[in-house]
Amino acid sequence: MLEHIHLENFKASRDVDVRLAPLTVLAGLNSSGKSTLLQAICALRQSYDFNGKTEGPSLSGDLVQLGKYGDLLAEGSSEDTVTVTIVESGNTYQWKIEGPPKTIRPQFEKEPPLLPAFVTSWEFQFLQADRIVPRTLYPQAPPRATDTGFLGSRGEYTADFLSREGARQVSTKRTFPRAGLGLSESLLTTVAPTAGLLDQVSGWLQQLSPGARLDARAIGGTDEVLLQFRYAGIKLETSSNPYRPTNVGFGLTYSLPIIVACLAAPQGALLLLENPEAHLHPQGQAALGELLARCASDGVQIVAETHSDHLLNGVRLAVKTNLIASENVVLHFFTRSVETGEAFVQSPAIMANGRLSNWPDGFFDQWDKEVDALLE
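Letter by letter, the sequence shown follows residues 122 to 497 of this note's numbering.
Structure (structure tokens):
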């Protein structure tokens, strides 16, 4: 498991050191340094092949596109070296990157003699904020993604993964909650009759769109996959006609890679998630917070960047109800100096009752500020 990451001169992170936990939540205003943390991990990972071989730092690849070295180096830095230090399972690894500003592939001035697991492990997912949108057909995954179970950085292979792995059993710690949805047990059984991945994805979709059920199948003789939604209801004996993703709520498709990644990740996997709550109703955002907590308590490490107080509250409630221990959740609030452009981090602690040790100014407090303004 990743335990610490220290960035020096990496974009706005001139000197940022944060602790990582089974579930790490990153918050802050736009362009405050949250994504930089994920990008550093992804840049290192895409710089190596699965055999641990490298030709130097890769700033543009399958995971992230950071441009030239000058785009990576912190503006106004007194040094010409970017340093990334990561602690994984008690071992410290450090990379020093340098090169002329316009260089697309700079050099490792120093790299660790042995590589940490996150660099070459197959048990890895990165889902960026710009994910798949509703469409009629989705691509089948290439062999490398099929072998590793990679969903694509945009989640573009999610439908194909479901068509191949729909019967995979989901851990009982991650199965969808059947209580509190206001839906009958018979309807839930119709929607999600088994612990298989496809059924459990449909089960979690009840938080977003009650009655929704998912189906995915590869189209023979093509390189495409058909994704469809159906709706079960009390007055429907089985389910509705199939609907294209373009004819149901946008958020169902957009959140699909996040839900699948959390349910399918093996223990020991690392998930990096950007804005998992995007395009979801507050109830769905809170449900995702619970799903992240359930997954992280089941041996999967998650680092999630979010702008959602509802997702945070879902995590806090998961702590309070003992779905995840408070010490296994870390919160980081990023701010950026207007004068220097430098990123800073504050880290309020989450307690066993779900409350926070302190609320930094700007940390999910906009609701309170607006209510105070309305009551003046």
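Beta carbons: idealized from backbone N, C-alpha and C, even for Gly.
{"Check": "Under 8 Å between C-beta atoms of L147 and L165", "Outcome": "no"}
{"Check": "Through-space distance from P366 to L319, alpha-carbon basis", "Outcome": "16 Å"}
{"Check": "DSSP three-state assignment for P260, whether helix, strand or coil", "Outcome": "strand"}
{"Check": "Given P260 as reference, the closest of G273, A250, A425, F171 once Cα atoms are compared", "Outcome": "G273"}
{"Check": "Inter-stretch contact (C-beta, 8 Å, three-pair minimum) for the region 370-387 and the region 275-292", "Outcome": "yes"}
{"Check": "Residue nearest to Q404 in terms of C-alpha spacing, selected from R135, Q327, D493, E244", "Outcome": "Q327"}
{"Check": "Per DSSP, cross-strand counterpart(s) of T456", "Outcome": "F465"}
{"Check": "CB contact flag (E398, A439, <8 Å)", "Outcome": "no"}
{"Check": "Inter-residue CB distance, E426 and S156 (contact presumed, cutoff 8 Å)", "Outcome": "6 Å"}
{"Check": "Three-way DSSP call (helix, strand, coil) for T204 in this model", "Outcome": "strand"}
{"Check": "DSSP state of F239 mapped onto helix, strand, coil", "Outcome": "helix"}
{"Check": "Nearest-angstrom Cα separation, counted from G177 out to E358", "Outcome": "Annotation note: pLDDT 48 at E358 (below 50); position unreliable, coordinate value reported separately. If you take the alpha carbons of E358 and G177, they lie about 59 Å apart."}
{"Check": "Opening and closing residue of the alpha helix (DSSP H) in which W480 lies", "Outcome": "From DSSP, W480 is part of no alpha helix (DSSP H); its letter is neither H nor E."}
{"Check": "Beta-carbon spacing of I379, L394 below 8 Å", "Outcome": "yes"}
{"Check": "Contact under 8 Å by Cβ, S198 with R457", "Outcome": "no"}
{"Check": "Closest by C-alpha distance to R140, when choosing among H428, G332, S284, I423", "Outcome": "I423"}
{"Check": "Under the three-state DSSP convention, the category G475 falls into", "Outcome": "coil"}
{"Check": "Exposed unless 16 or more other CB atoms sit within 10 angstroms - verdict on K490", "Outcome": "exposed"}
{"Check": "For E232 and L258, the rounded distance between their alpha carbons", "Outcome": "42 Å"}
{"Check": "Endpoints, the beta strand (DSSP E) within which A148 is located", "Outcome": "144-149"}
{"Check": "Distance CB(Q349)-CB(Y364) smaller than 8 Å", "Outcome": "yes"}
{"Check": "Proximity of V466 and V137 at Cβ, strictly below 8 Å", "Outcome": "yes"}
{"Check": "Delimiting residues of the alpha helix (DSSP H) encompassing I162", "Outcome": "155-166"}
{"Check": "Rounded C-alpha distance that separates F454 from G276", "Outcome": "27 Å"}
{"Check": "Cβ-based burial, D281 [other Cβ within 10 Å; buried from 16]", "Outcome": "buried"}
{"Check": "CA-to-CA distance, L477 to G182, given in whole angstroms", "Outcome": "38 Å"}
{"Check": "DSSP state of E230 mapped onto helix, strand, coil", "Outcome": "strand"}
{"Check": "Option in D251, Q215, Q246, L194 with minimal Cα separation from L235", "Outcome": "Q215"}
{"Check": "Three-state secondary structure assigned by DSSP to E286", "Outcome": "helix"}
{"Check": "Contact set for F247: own chain, Cβ-Cβ below 6 Å, skip 5 residues either direction", "Outcome": "C163, L184, S274, L393"}
{"Check": "Three-state secondary structure assigned by DSSP to E358", "Outcome": "In this prediction, E358 scores a pLDDT of 48, lower than 50, which makes its location untrustworthy; no coordinate-derived value is stated."}
{"Check": "Nearest-angstrom Cα separation, counted from S242 out to E129", "Outcome": "25 Å"}
{"Check": "Where R265 falls: helix, strand or coil (DSSP)", "Outcome": "helix"}
{"Check": "For Y375, three-class secondary structure by DSSP", "Outcome": "helix"}
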